[in-house]
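As you go down the protein sequences, you meet chains A and B in turn.
Per my numbering, numbering of the first sequence is gapless, rising by one per residue and ending at 105.
Per my numbering, numbering of the second sequence is gapless, rising by one per residue and ending at 1105.
What follows is one structure encoded as structure tokens, with my remarks underneath.
Protein chains: 2
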Amino acid sequence: MKDKQKALIEAKANVLKALGHPTRLWMAEQLEHGEKCVCELAESIDADFSTISKHLSVLKQAGVVADEKRGKQVFYKLKVPCILKYMSCIEAVIKNQAEEQADLL
Amino acid sequence: MKDKQKALIEAKANVLKALGHPTRLWMAEQLEHGEKCVCELAESIDADFSTISKHLSVLKQAGVVADEKRGKQVFYKLKVPCILKYMSCIEAVIKNQAEEQADLL
DNA sequence: ATGACATTTGGTAAAATGACCAAATGATAG
DNA sequence: CTATCATTTGGTCATTTTACCAAATGTCAT
Chain A
1 MKDKQKALIE
11 AKANVLKALG
21 HPTRLWMAEQ
31 LEHGEKCVCE
41 LAESIDADFS
51 TISKHLSVLK
61 QAGVVADEKR
71 GKQVFYKLKV
81 PCILKYMSCI
91 EAVIKNQAEE
101 QADLL
Chain B
1001 MKDKQKALIE
1011 AKANVLKALG
1021 HPTRLWMAEQ
1031 LEHGEKCVCE
1041 LAESIDADFS
1051 TISKHLSVLK
1061 QAGVVADEKR
1071 GKQVFYKLKV
1081 PCILKYMSCI
1091 EAVIKNQAEE
1101 QADLL
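And the structure:
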């Protein structure tokens, strides 16, 4: 494989990996209808603030979200909202799996 | 968050995580135009057969691919091809990132 | 049966990830 | 300027992931 191709694959995998954690995926979904501050996101997550901050940082690194500080708060938003449009396909994978499991019984 | 919601998020994250490794993403892309046997996939990957086999097993667990043994060979195929349609969006994320990096210079 | 071939499984070691705590930063209010 | 609030950073530890090697499995031809 060419170096450039390889780099592209790695970059894509990196984005998918960033979304491949329940907390981070949940956060991304929360941003579907607009920005939220860290404190809002934190409300529904049972984890240390530092943990939440680090997850957001992973999403930012991957280019999934952008952050903006306003006053004391930091707001995050989706940079490329199409990533959520994909979820119906992911759900199809899961449904498929579930049906096959059910067929075994 | 409700238990069911939580389980769904976890399932979705799991699929994304499975695709979130360069080798596995590459494999999935190779299957775009139909099934391939492990040996074909292995040709372009510089890794032990056992490593390749384990990656395929992760994709299978996640419900991304299905396998079928025919003769000595095992063939893998995509179960839900829409996952590849997503890649254009992922690429948009990367392009976005790249442009921002470029703007810094 | 025996050997050769394609793939998987089990074991192990190195590296990456994720969670928490404590401390640092930056912004605002008093 | 000091205290306070929101968030990030650094450190540490447990867990998970990944890669390789060696050995096992299942299939086919002889």
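Quick reminder that beta carbons are idealized off the backbone N, C-alpha and C, glycines included.
Interface residue (Cβ-Cβ distance to chain B less than 9 Å): E35 of chain A is not classified as such. The beta-carbon of V58 of chain A is placed no less than 9 Å from the nearest beta-carbon of chain B.
In the DSSP assignment, E1040 of chain B falls within the unbroken alpha helix (DSSP H) covering 1038–1043. For A102 of chain A, none of the residues of chain B pass the 8 Å Cβ criterion, the least Cβ distance being about 13 Å. Here V1093 of chain B is not near V1080 of chain B, since their CB atoms are 9 Å or more apart. Contacts with chain A at 9 Å (Cβ-Cβ) do not include Q1073 of chain B.
If you look at E1010 of chain B, you'll find it in the alpha helix (DSSP H) that goes 1003–1019. Contact of C39 of chain A with chain B is not assigned, every C-beta pair being separated by 9 Å or more. Along the stretch 6–29 of chain A, the positions whose C-beta sits under 9 Å from a C-beta of chain B are K6, L8, I9, E10, A11, K12, A13, N14, V15, L16, K17, A18, L19, G20, H21, P22, T23, R24, L25, W26, E29, read in chain order. For the pair of segments examined, the stretch 8–21 of chain A was found to touch the stretch 1021–1032 of chain B: the number of CB pairs separated by less than 8 Å reaches three. By a beta-carbon distance limit of 8 Å, A1042 of chain B contacts I1052 of chain B. Their separation comes to about 5 Å. In the DSSP assignment, E68 of chain A falls outside any alpha helix (DSSP H) and within the unbroken beta strand (DSSP E) covering 65–70.
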